[in-house]
Amino acid sequence: MAKDTGPSWKKDHPGTFFGNSVEKADRAVKQAMSHPEEMAIEHAFNAIERAENAFRNAKQYNDELDTIEEHKGQLDSIRQQLNETQMKKGE
């Protein structure tokens, strides 16, 4: 019997999607911090916005709340880093 090679349900789970979005936002912010050009900063803000949308969706799903809150704390920290990077660029 062949193993089902279709997409995993985990990949589409709102909590998993939120975690992945936070990771992408983290990478985008690190890129903006190392190369604080307008385009990189804008990309990082967009990634954070997508992660915040994923947070709202994950919270509605009401599952894995501990993990969701942990990722939310990480997202808040990432946003603060980006705001500091943007302020330094503006100096």
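In my numbering, the protein residues as written are -6 to 84.
Positions of the beta carbon are idealized from the N, C-alpha and C atoms, including for glycine.
Note that the coordinates shown come from a computational prediction; the quantities given were computed from them, not determined experimentally.
Which first and last residues belong to the alpha helix (DSSP H) in which GLU42 is found? Taken as a continuous stretch (DSSP letters only), the alpha helix (DSSP H) holding GLU42 covers 31 to 54.
Would you tell me roughly how many angstroms separate the C-alpha atoms of ASN39 and LYS17, rounded to the nearest one? A straight-line Cα-Cα distance of about 10 Å links ASN39 and LYS17.
So what's GLU62 in DSSP terms, helix, strand or just coil? The three-state secondary structure of GLU62, taken from DSSP, is helix.
Note down the Cα distance separating ARG20 from GLY83, rounded to an integer number of angstroms. Each residue's Cα considered, the two are about 22 Å apart.
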